[in-house]
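Engineer: My questions will all concern the structure given below.
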Amino acid sequence: MALFELMKRSEEIKFAANQGDTQAQYDLGCMYEEGRGVKQDSAKAMQCYLKAAERGHAKAQYDLGLMYSRLPPNKKNEEEAIKWIQLAMEGFHLAAENGDAEAQCRLGEIYDMVKSESQNKRIKTVSAAVALVCGEKDTKWYEEESAKWFQMATEVFRQAAEQGDMKAQFELGGIYCWFMGGRENEEKGLQWFQKAAEQGLVDAQHELGYMYSTGWCVADQDIIEALKWYTRAAEQGHLLAQTFLAKTYAGCDRLIEPPHYAEALKWYLKIAELGDTSAQHNIGVIHAKGQGVAQNLTEAQKWLRKAVEQGNENAKKSLQLLGAFLNQQDEKALEQLELIF
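The numbering used here puts the first residue of the sequence shown at 2, with every later residue one more than the last.
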């Protein structure tokens with residue numbers, strides 16, 4: 002999806018959300034949380050989730066609870082997190098018992114998460130909410146519940162997936178790869194992700210990019226295949242895919258040697274348009290050093306100032322170095338400019 006089309010879709014969702022459409026309110030919350038089609042903004046994401054959550058949208062309740070769990074710890078934030086996750090659990094159970102495969106899958110994920118008894122703050126918060134719904138249970142009970150709900154979801158998703166439903170294919174891929182384990186299940190998951198990605202599902206494309214870039218659930222790490230899928234996702238506006246491509250082409254982790262700065266600049270520009278100050282900083286550095294493009298100190302100053310205006314400390318230091326070079330105070334100042342990953 003081109004940037005124009007993505008922005009147009011964003012405006013449509015904003016309009017529907019402002020008209021009180023609960024699903025649009027949730028979708029807009031996801032967009033703000035992920036920075037997809039809009040500038041990433043956690044506060045606005047929470048506002049959107051809250052509107053949908055107050056109208057009983059279980060996924061909005063759950064995501065809102067998770068966002069509260071990531072806020073600075075205090076009594077109010079902890080109480081809000083547990084309250085919303087508890088309400089979500091009740092909603093998921095009601096929907097799951099009525100055959101909703103997505104709710105069944107979410108329950109499977111939640112029970113799989115809390116069975117670990119991790120001290121992770123987010124997991125502890127979810128566990129506290131689950132205990133209010135289900136009572137105190139042991140690890141074996143959570144394992145059995147997780148397996149039960151995943152099995153039910155798998156049966157429903159498989160029927161839809163075999164009929165070409167790409168979202169069902171994606172969900173199946175996730176269940177097989179993330180939760181079932183074993184090489185045979187990983188291969189099944191990869192196949193379902195592939196089917197969904199080939200139909201254009203952006204999350205599946207991003208997932209394949211991640212799998213091939215890390216070697217997870219695939220036979221071998223394959224950076225060429227990873228770049229192919231990340232690029233398809235990035236072209237549809239997937240922020241994480243765009244970020245991966247920008248960093249990788251710029252030389253991060255040395256997955257590509259030598260770096261392709263012109264290609265990195267292309268993706269940094271898309272991220273910068275959404276207000277990402279690290280991207281703005283790196284665009285400034287690339288122009289200042291003439292990496293993959295003709296050196297343009299005026300353009301470098303422009304982008305570094307944009308990042309400085311939003312409080313980016315790295316950009317402030319880089320702008321000072323650039324100033325020292327321009328004022329002939331330090332001819333080697335440009336050599337000290339570095340991309341920030």
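Glycine residues also receive a C-beta, built at the ideal position from the N, C-alpha and C atoms.
Cβ of G210 within 7 Å of Cβ of Y231?
Structural biologist: yes
Engineer: Over the uninterrupted alpha helix (DSSP H) stretch that includes S117, give me the two end residues.
Structural biologist: Annotation for S117: no alpha helix (DSSP H) segment contains it, and DSSP assigns it neither H nor E.
Engineer: Within this structure, are the beta carbons of Y213 and A227 separated by less than 7 Å?
Structural biologist: yes
Engineer: Taking buried to mean at least 16 other C-beta atoms within 10 Å of its own C-beta, is I225 buried or exposed?
Structural biologist: exposed
Engineer: In whole angstroms, what is the alpha-carbon distance linking E145 and L67?
Structural biologist: 24 Å
Engineer: Could you spell out where the alpha helix (DSSP H) holding E137 opens and where it closes?
Structural biologist: That residue, E137, is in no alpha helix (DSSP H); it is neither H nor E in DSSP.
Engineer: Three or more C-beta pairs under 8 Å: does that hold for the stretch 96-108 against the stretch 72-81?
Structural biologist: no
Engineer: Can you give the Cα-Cα distance for Q243 and G136, rounded to whole angstroms?
Structural biologist: 43 Å
Engineer: Thinking C-alpha only, which one of G285, F326, V294, N297 is nearest R306?
Structural biologist: G285
Engineer: Just to confirm, is the Cβ distance from A316 to H282 under 7 Å?
Structural biologist: yes
Engineer: Please classify D221 as buried or exposed, where buried requires at least 16 neighbouring CB atoms within 10 angstroms.
Structural biologist: exposed
Engineer: Does the structure place the stretch 121-141 close enough to the stretch 156-171 that three or more beta carbon pairs sit under 8 Å?
Structural biologist: no
Engineer: Which whole-angstrom value describes the C-beta separation of L241 and V219, a residue pair presumed to lie in contact below a C-beta threshold of 8 Å?
Structural biologist: The C-beta separation of L241 from V219 comes to about 19 Å, leaving the pair out of contact by the 8 Å criterion.
Engineer: If L275 sits next to K15, beta carbons under 8 Å apart, how far is it from one beta carbon to the other, in whole angstroms?
Structural biologist: Going by Cβ atoms, the distance from L275 to K15 rounds to 15 Å, so no, they are not a contact pair.
Engineer: Could you have a look at A220 and say whether DSSP puts it in helix, strand or coil?
Structural biologist: coil
Engineer: Whose C-beta lies closer than 8 Å to the C-beta of K290 among residues of the same chain, with five residues either side of it excluded?
Structural biologist: Q296, L335, L338
Engineer: Rounded to a whole number of angstroms, what is the C-alpha to C-alpha distance between K271 and G109?
Structural biologist: 36 Å
Engineer: Applying the criterion that 16 or more other CB atoms from any shown protein chain within 10 Å of the CB defines a buried residue, is G21 buried or exposed?
Structural biologist: With fewer than 16 other beta carbons inside 10 angstroms of its own, G21 counts as exposed.
Engineer: Take every Cβ of the stretch 25-33, pair it with every Cβ of the stretch 46-62, and state whether three or more of those distances are shorter than 8 Å.
Structural biologist: yes
Engineer: Apart from the five residues on each side of it in sequence, which residues of its chain come closer than 7 Å, Cβ to Cβ, to K248?
Structural biologist: The beta carbon of K248 lies closer than 7 Å to those of F342 in the same chain, with the five residues before and after it left out.
Engineer: From which residue to which residue does the alpha helix (DSSP H) around R56 run?
Structural biologist: Per DSSP, R56 belongs to no alpha helix (DSSP H) and is neither H nor E.
Engineer: Using the Cβ count rule (16 or more neighbours within 10 Å means buried), how would you classify G182?
Structural biologist: exposed
Engineer: Mind checking which residues open and close the alpha helix (DSSP H) that includes G1?
Structural biologist: Absent from the model: residue 1. The displayed extent of the chain is 2 to 342, so no value can be given.
Engineer: Could you work out which residue in A96, I124, Y63, L246 is closest to W85 when comparing CA atoms only?
Structural biologist: Y63
Engineer: Look up I287 in the DSSP assignment and say whether it is helix, strand or coil.
Structural biologist: helix
Engineer: Quick check: the Cα distance between H94 and G293, rounded to an integer number of angstroms?
Structural biologist: 54 Å
Engineer: Quick check on L338: does DSSP put it in helix, strand or coil?
Structural biologist: If DSSP states are grouped into helix, strand and coil, L338 belongs with coil.
Engineer: Cα separation between N121 and A96?
Structural biologist: 28 Å
Engineer: Whole angstroms are fine: how far does the CA of F194 sit from the CA of G175?
Structural biologist: Cα to Cα, G175 sits roughly 8 Å from F194.
Engineer: Do you know how far the Cα of V115 is from the Cα of W142?
Structural biologist: 11 Å
Engineer: Hey, Q206 and A234: beta-carbon distance below 7 Å or not?
Structural biologist: yes
Engineer: CA-CA distance, A59 and A53?
Structural biologist: 9 Å
Engineer: Compare the beta carbon distance of Q105 and M153 with 7 Å and say whether it is the shorter of the two.
Structural biologist: yes
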